[in-house]
Amino acid sequence: MALQSLDIARRSATTTPAPGVRQTTEVAKLIDVSTCIGCKACQSACMEWNDIRDEVGSCSGVYDNPVDLTAKSWTVMRFAEVEEKGKLEWLIRKDGCMHCADPGCLKACPAPGAIIQYANGIVDFHQENCIGCGYCITGCPFNIPRISEADNKAYKCSLCSDRVAVGQAPACAKACPTGAIQFGSKEQMKDYAAKRVVDLKSRGYEKAGLYDPAGVGGTHVMYVLHHADRPELYKGLPNDPSISPLVALWKGFAKPLASVAMAAVALGSLFHYVMKGPNEVSKELEDELEKEDAK
Amino acid sequence: MQVSRRQFFKICGAGMSGSSIALMGFSPTSALAEVRSYKLAHATETRNMCPYCSVSCGVLIYTTGDKSKNAKADIIHIEGDPDNPVNRGTLCPKGSGLLDMVKSPNRLKYPEVREPGTNEWKRINWDDALTRIAKHMKADRDANFIEKNAAGVTVNRWNTFGFLASSAANNETGYISHKVLRSLGAVAFDTQARI
Amino acid sequence: MTNHWVDIKNADLVLIMGGNAAEAHPCGFKWVIEAKKDRKAKLVTVDPRFTRSASVSDFYAPIRAGADIAFLGGVINYLLTNDKIHHEYVKNYTNAGFLINPDYKFEDGIFSGYNPEKRNYDKATWGYQMTEADKKTGDSWVKVDPTLQDPNCAFQLLKKHYSRYTPDLVSSVCGTPKDAFLKICEMIADTAAPDKTMTILYALGWTQHSVGSQNIRTMAIIQALLGNMGMAGGGINALRGHANVQGITDMCLFGQNLPGYIASPTEADVDRKTFLEKRTPKPLRPNQMNFPQNFPKWFTSLQKAWYGNAATDKNDFAYDWLPKIDGAYDTLALFEKMHQGKMNGFVCQGFNPLASVSNKKKVGDALAKLKYLVIVDPLVTDTSEFWKNHGEFNEVDASKIATEVFRLPADCFAEDTGSFTNSGRVIQWHWKAADGPGESKGDIEIIATLFQKLKAMYAKDGGKFPDAIMNLTWAHRIPTKPSSAELLMEISGKALADVFDPKDKTKVIAKAGEQLAGFAQLRDDGSTSCGNWIYGGCWSQAGNLTARRDNADPSGLGQTLMWGFAWPANRRIIYNRASCDMAGKPWDPKRTVIRWTGTAWAGNDIPDMRPDAAPEEGVMPFIMTPEGVARLFAPGMAEGPFSEHYEPFETPLDKNPFHPGNPKALNNPAARVYKGDMEVFGKAKDFPYVCTTYRLVEHFHYWTKHARINAVLQPEQFVEISEELGKEKGIANGDRVKVRSNRGFIKAVAVVTKRIPTLMVDGKKVHTVGIPIHWGFKGLTKPGFITNTLTPYVGDANSQTPEFKAFLVNIEKA
Amino acid sequence: MMRNPKDLTRYDAQERANHWLVGICFILLALSGLAFFHPAFYPLTQLFGGGVWARILHPYLGVLMALAFLVMFFRFKSLNAMTPADKEWLSRVGEMMDGNDHNMPEQGKYNGGQKMMFWAMALSMLLLFVSGIFLWRAYFSLPVDVVRLGAVVHSAIAAIMIAMIFVHVYAALWVRGTVRAMVYGTVTRAWAKQHHRAWYRQVTGKS
């Protein structure tokens, strides 16, 4: 019997595999940007369900509010006015955790169990175990996690793991008025996306496509984009993101290598001592000095 | 779980250095990873409707307690009603935030009066408030009611009193308000419909 | 809505104009997206701003605020000159062939019968040509030319009237690029095919103009020409405002109507007979249903609902107990009266007029002249503190305001049980979840307790005309707390005596005391009672049908007939007889709403037709008109039987481009303007920019500023201007600006955006300033100015809906 | 404490205190740092009152160590200037390691190896300090790429430094009679004569 309601695939800072014989369906959230009206219902539902209320901000000359993700805003809409060849497009993207198959945050996290990847693909933060170091931010290719100023813990979208665990869709997906956010098995979502891409191509968006970046092993939050060839148009969605090589080095190779190297030095010293013996002051020299003293 | 070759080496490498420490008495504590417990598990569900726009989305209101005598029902969550054929469980940013309207710190809790020329509210009880209002209305009506117009036609009209009716109230509220208003002879009333 | 929310998914083309469905009705807008996804439907948006609706549209065209009739008139002209109309439909189901009075004229922007002093029309010349009355029956019918060739037939007059709306002129008046206009015309014209439909989704963007009703009428002409009325995926769909604005409209909380749109008695209706005769029309064509002929049944049943046994044929069913109105009592008229000091008391039940009525200064001054003001609301409204100084947001001196203000806490939706009627006319029941905070009470309890107090005072002390008060029916278990169930049963109607089948006088169809099955069972002899005839049958012997929750949709068209109850008669698409050809075959069999089975009308909806009216009988689909057909030529409108483009009362142009030589035709000639309001209309030389006000998706009117979540989502008041205007005025994104009209000013943050286009109108550049309305001095958002500080005090000539959508302002850096 | 009045003073009290301040800081930093570096070491956070305390304390300890080391650096900087003799010593370090130090060139207060260690430590300290600042989210918010670089540098240098400290400590243990220099402050003359003859001559004036 598992001790949790969702099976675990990976947990941060844990070197042994989680119980993994059960097979659960991978889930995914699909954000069809082409049918998103930027109404922020997802933001509202997210705040309501997760019992988080951000500060009342101010208008900075754009519709983006809150202006960025915070520990209390796990998802925000990003609005971009793009005018090309005289045609205006208002590209609106729901930003938030992508729930990568290969999560940079989890890779970077030093606190065991602070970040969990469930077998269904959800990457969840467990604030009880979080030590507030911010390594997850360093590891994330999408700039998602935020440290709370109140408790110095990292927060981000949980894909409503509490809802998913009991068989419900995440709050944002359920709320989305136009159905721009869909939720289901990853396979279903890919099929649905394929249909949407066909529709978009028939409407003249020849470069429409699915954003499920392979660089992070695919994601469990995917986008249908009208301009899949230029994700950066959508307020800087990274083109071909991956875990930074620096992070890969830091939390990949370097970890065992350095540990072994340090151990080797320690062991080397020990063996040196055993094999060569201590470096004592020579008896002759001591005698010589004793003699001198005796004079 | 599928373990790739790379992962295998990683695990071995880490395991080796880890196990040497483990011998010294350290072992990573097993971190429990239970999801946040489902907050509606024992809440009471009530079917209602969003009071904002005319899509009139179905909503499910969740309250604490099971309606037993001593457990005061408190609204803790509102989400879309998936059965409603129009919204099918979806809600817009206003509907999704309904909880904060219901629980707004700006909800009125007690009858109040602002006396003429003063600069503050005074709390009064319901009976006093409604009695004072009724007295005002009766005095006004008795003074300004028009039974017949200049041509001698019975008009039974009271038009020095006006009423603006809520468009977010129930049909039944609208109906009874209309019924009461006409019985008083009131004609100066309107709704939000054309604003 | 003639159709309903889910039905939008059946459309081939969705036109959003005069509204912004994506922002104002996101959950209803879902069905637009479904139409796009599943039917490959196209979405077209026409708006002064590139809205959220535009962001997911296949095609967007800009338009100057207040130029919709020019645009739509141009569409009519396009359809007629390119012969893109649904001929069968137009010929049979509209008054195209009806001959019009030859004295009807239209000259340089003014129709025949105009009285410039009174600013209204004598409509005598706007009628039909009638046959001589039959000597035996007295019947007189409209003359019809089925070939539509007679120069005096409605169709030819229509053609002539709109021939002036050429693409060039349209483009020049609207500022819409000509190719964009023509492209939209083409897309609309495609739906003239019998099996193609267009739906139009509009809202306050059309109604809140001095020509609001005519905006909609022009669209109605288009939909009639295209044969889109009565069709699944068609219709004229007003996306209404509040959750129950439809229901409250149906309950007719206006001075000039009784519940169920029964026109209130006026001073001219001296007795019941006169009253009924005027309101009970005779059919204008043979064999038509002329449904309003049942008016006496509706009215009598209402009087029985209100006065019960006290209303008898002896006292004219208490006809005189109803007040007779002497003029207009719309919101603008109310505040005008109040401003003149002619009102003593006022109740705002869930209404925040200081924020939501035009010209805040005038409204505030008016409220200060009241003796007593009663606020019944769940929330702290701005109106409730109109007397309190809130700095520059509300500059008043409390010590000088003698109004006694009561503020009563009301329960909100979650705290009471009852029914709401959505925009698609579906009445749905909802249940109470918890008690309200503190001492709050339900609206019904508040009004009932107040009434009981008044009644007791009249019983004890007497007073003016107590009869109607003392005899008002009040059969409630708790007199101070009538239940919603009791009231809905009263609204729906019941038999007071046994009701018999008119075809078989021995057959009882409803026993005394039973709930009636529908308005067809109402009688004018006092044997039935019904609080609102259009809701008839919503609570029948079968129980509360509004509480039904079976969402089965066997047709796949979204016709969930077992969910709630739609008025009238649970019909989901009205005029649905028009979805079939003359022989009763659906124009599009794939979207069968109803059809003639050979013996009866049946299908996926309640037929809007006598069920046994065989097609050969020639009973036409528009049963609520005495003609039986839709009106291309509509004599009932205040400013003309056809629509005409008139400039808003505050216009950037100095002449109406359609009538450059006639200053009388600059603005709506029939619109009512009060003294003092005309004087504060701004001129383009001082206020050069067109301003339009609107709502944002994150907020609902002035409520959600009290909800933390929504305050977070859109915290601070802003105004939107184009990049070009920003450059001209040195205003950068995020700057604070001051916007002035001739009635006041507001200050807000500037949002400088590509989404506000600059338009070329009548040869000159016209800039638009857009202002969302949601802020005020009370709330959890940052305090803001009331946007209606700026708006003009003038309304549409028919409905008196204020002109919030097009007026003039100036803007500068604050 | 002077066991034998003839013992030679190698470090005065201030120097010793300074060294041990740095040393204790380093140990605590290494323990807490390792805890974040590899999960196997995470239980070390318990020494600090848990992960959160370890995360809070580590950077402050780092600053303290940097300051203490800075003082030490200026104290010992001039003593660690490299000389040709050091280079020769270094080139024959293999013999030394073999325990065969009789033929090693004569050394001053510090031998070439110690001097190398000193400079390597100084450089490492600098890098650790700077990269540590990059990672200190409580006070600094830098572009993520800078932070990432900081993380790699910080952990790499820390690992190298820990290894160097192992060597440093081992050398002290291996060369008997050394540890007391940092405990009592004194060494025996024999020790000095054997390992740092030039220094011995300098302080005793004898050949």
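Chains as they are written, first to last, in our numbering: chain A, 18 to 312; chain B, -8 to 186; chain C, 593 to 1406; chain D, 6 to 212. Just so you know, even glycine gets a beta-carbon here, dropped at the ideal spot from N, CA and C.
Would you kindly report the start and end of the unbroken alpha helix (DSSP H) that includes C/Leu959? Counting from 1 along the third sequence, the entry for residue 959 of chain C is found at position 367. Counting along the chain, the alpha helix (DSSP H) containing C/Leu959 begins and ends at 952 to 959.
Give a yes or no on whether the minimum CB-CB distance between A/Leu23 and chain B is below 8 Å. By 1-based counting over the first sequence, the position of residue 23 of chain A is 6. Interface residue, yes.
Roughly how many whole angstroms lie between the Cα atoms of C/Gln1392 and A/Leu108? Position 800 of the third sequence holds residue 1392 of chain C. Position 91 of the first sequence holds residue 108 of chain A. The alpha-carbon separation between C/Gln1392 and A/Leu108 amounts to approximately 38 Å.
Between which two residues does the alpha helix (DSSP H) holding C/Leu691 run? Taking the first residue of the third sequence as position 1, residue 691 of chain C is located at position 99. That residue, C/Leu691, is in no alpha helix (DSSP H); it is neither H nor E in DSSP.
Neighbourhood of C/Thr1381 by C-beta, 6 Å cutoff - its chain only, sequence neighbours within 5 removed: Here residue 1381 of chain C corresponds to residue number 789 of the third sequence, with the count starting at 1. Contacts found: Lys952, Gly1336, Ile1338.
Tell me the DSSP secondary structure of D/Arg60 in three-state form. Numbered from its first residue, the fourth sequence carries residue 60 of chain D at position 55. D/Arg60 falls in the helix class under three-state DSSP.
Mind checking if B/Gly108 is an interface residue toward chain A, Cβ cutoff 8 Å exclusive? Along the second sequence, one-based indexing puts residue 108 of chain B at 117. Residue contact check for B/Gly108 against chain A: no CB pair falls below 8 Å.
Report buried or exposed for C/Leu845, applying the criterion of at least 16 other Cβ atoms within 10 angstroms of its Cβ. The count along the third sequence starts at 1 and reaches residue 845 of chain C at position 253. Result: buried.
As a quick exercise: from C/Val762, C/Lys697, C/Phe698, C/Leu691, pick the residue whose alpha carbon is nearest that of C/Tyr670. In the third sequence, residue 670 of chain C corresponds to position 78, counting from 1. With distances taken between Cα atoms, C/Tyr670 lies closest to C/Val762.
Compute the distance between the beta-carbons of A/Glu65 and B/His33, then report whether it is under 8 Å. Residue numbering aside, residue 65 of chain A sits at position 48 when the first sequence is read from its first letter. Residue numbering aside, residue 33 of chain B sits at position 42 when the second sequence is read from its first letter. It is not a contact, given that the beta carbons lie outside the stated cut-off.
Report yes if the CB atom of C/Asn1260 is closer than 8 Å to the CB atom of C/Ser802, and no otherwise. Reading the third sequence from its first residue, position 668 is the one you call residue 1260 of chain C. Reading the third sequence from its first residue, position 210 is the one you call residue 802 of chain C. Closer than 8 Å, so yes.
Counted within 10 angstroms of its Cβ, other Cβ atoms place A/Thr41 as buried (16 or more) or exposed: Stepping through the first sequence from its first residue, residue 41 of chain A is reached at position 24. A/Thr41 counts as exposed, since fewer than 16 other beta carbons sit within 10 angstroms of its beta carbon.
Give the DSSP-derived three-state secondary structure of C/His679 in the structure shown. For the purposes of this step, residue 679 of chain C is taken as the residue at position 87 of the third sequence. Three-state result, C/His679: helix.
Same chain, Cβ closer than 6 Å to B/Cys41, five either side skipped, listed in chain order: By 1-based counting over the second sequence, the position of residue 41 of chain B is 50. Answer for B/Cys41: Cys48, Val50, Gly86, listed in chain order.
Just checking, does the stretch 788 to 805 of chain C make contact with the stretch 684 to 695 of chain C on the three C-beta pairs under 8 Å criterion? no
Taking 8 Å as the threshold (C-beta atoms), are B/Ser157 and C/His1298 in contact? The residue labelled residue 1298 of chain C in the question sits at position 706 within the third sequence. The residue labelled residue 157 of chain B in the question sits at position 166 within the second sequence. No, Cβ-Cβ distance for C/His1298 and B/Ser157 is not below 8 Å.
Do you know offhand how far C/Gly1123's Cα is from C/Leu926's? In the third sequence, residue 1123 of chain C corresponds to position 531, counting from 1. In the third sequence, residue 926 of chain C corresponds to position 334, counting from 1. The alpha-carbon atoms of C/Gly1123 and C/Leu926 are separated by roughly 26 Å.
Sub-8 Å separation of A/Leu47 and A/Tyr135 beta-carbons: In the first sequence, the residue the question calls residue 47 of chain A occupies position 30. In the first sequence, the residue the question calls residue 135 of chain A occupies position 118. Not in contact: A/Leu47 and A/Tyr135 (Cβ atoms no closer than 8 Å).
By DSSP, does C/Thr729 sit in helix, in strand, or in coil? The sequence position of residue 729 of chain C within the third sequence is 137, counting from 1. Reduced to three states, the DSSP call for C/Thr729 is coil.
Any contact between the stretch 9 to 27 of chain D and the stretch 977 to 984 of chain C? By contact I mean 3 or more CB pairs, one from each, below 8 Å. Of all C-beta pairs linking the stretch 9 to 27 of chain D to the stretch 977 to 984 of chain C, fewer than three are shorter than 8 Å, placing the two stretches out of contact.
Would you mind giving the Cβ-Cβ distance between A/Cys126 and A/Ser259, rounded to the nearest angstrom? I have them listed as a contact below 8 Å. In the first sequence, the residue the question calls residue 126 of chain A occupies position 109. In the first sequence, the residue the question calls residue 259 of chain A occupies position 242. Not confirmed; about 18 Å, so no contact.
So, does the CB of C/Ile1070 fall closer than 8 Å to a CB anywhere in chain B? Indexing the third sequence from 1 puts residue 1070 of chain C at position 478. Interface flag for C/Ile1070 against chain B is unset, since no Cβ pair is found closer than 8 Å.
Is the distance from the Cβ of A/Thr92 to the Cβ of A/Cys177 below 8 Å? Stepping through the first sequence from its first residue, residue 92 of chain A is reached at position 75. Stepping through the first sequence from its first residue, residue 177 of chain A is reached at position 160. It is not a contact, given that the beta carbons lie outside the stated cut-off.
Mind checking A/Glu307: buried by the 16 CB within 10 Å criterion, or exposed? Here residue 307 of chain A refers to the residue found at position 290 when the first sequence is read from its first residue. Looking at its Cβ environment, which holds fewer than 16 other Cβ atoms inside 10 Å, A/Glu307 is exposed.
Span of the alpha helix (DSSP H) around C/Lys775: Along the third sequence, one-based indexing puts residue 775 of chain C at 183. Its alpha helix (DSSP H) spans residues 770 to 781.
Does any residue of chain C bring its CB to less than 8 Å from the CB of A/Val241? Position 224 of the first sequence, counted from the first residue, corresponds to residue 241 of chain A. No, A/Val241 does not count as interfacial toward chain C.
Quick check on A/Thr31 - is its C-beta less than 8 Å from some C-beta in chain D? Taking the first residue of the first sequence as position 1, residue 31 of chain A is located at position 14. Interface residue, yes.
Among the candidates C/Arg631, C/Lys632, C/Ile608, C/Thr729, whose CA atom is the shortest distance from the CA of C/Ile655? Here residue 655 of chain C is taken as the residue at index 63 of the third sequence, counted from 1. Measuring from the Cα of C/Ile655, the nearest candidate turns out to be C/Ile608.
Taking just the CA atoms, how far does D/Leu178 sit from B/Gly16? The residue given as residue 16 of chain B occupies position 25 in the second sequence. The residue given as residue 178 of chain D occupies position 173 in the fourth sequence. Its pLDDT being 41, under 50, B/Gly16 is placed unreliably in this model, and the value from its coordinates should be taken loosely. One C-alpha to the other measures close to 25 Å.
Can you tell me the Cα-Cα spacing of C/Asn936 and B/Pro107, whole angstroms? Within the third sequence, residue 936 of chain C is the residue found at index 344, counting from 1. Within the second sequence, residue 107 of chain B is the residue found at index 116, counting from 1. So the two alpha carbons sit approximately 14 Å from each other.
Cβ of C/Lys1405 less than 8 Å from any chain A Cβ? For the purposes of this step, residue 1405 of chain C is taken as the residue at position 813 of the third sequence. So, not an interface residue.
Is C/Met930 close to the ligand MG? I mean its beta-carbon at under 7 Å from any heavy atom of the ligand. As far as ligands go, the structure on display features none, and thus does not contain the ligand MG.
Return the first residue and the last residue of the alpha helix (DSSP H) that A/Leu205 is part of. Counting from one through the first sequence, the residue named residue 205 of chain A turns up at place 188. One point to set straight first is that residue 205 of chain A is Gln, not Leu, in the sequence displayed. Start and end: 203 to 219.
Which residues does DSSP list as the beta-bridge partners of C/Gln1107? Along the third sequence, read from residue 1 onward, the residue named residue 1107 of chain C stands at position 515. Partner(s): C/Lys1086.
Where A/Cys150 meets chain D, residues with beta-carbon distance less than 7 Å: One-based indexing of the first sequence puts residue 150 of chain A at position 133. Near A/Cys150 (Cβ distances below 7 Å), the residues of chain D are Phe41, Arg60.
Near C/Pro1203, which residues of its chain fall below 7 Å by C-beta distance, leaving aside the five closest residues on each side in sequence? Position 611 of the third sequence, counting from 1, holds the residue named residue 1203 of chain C. The residues are Ala1192, Trp1193.
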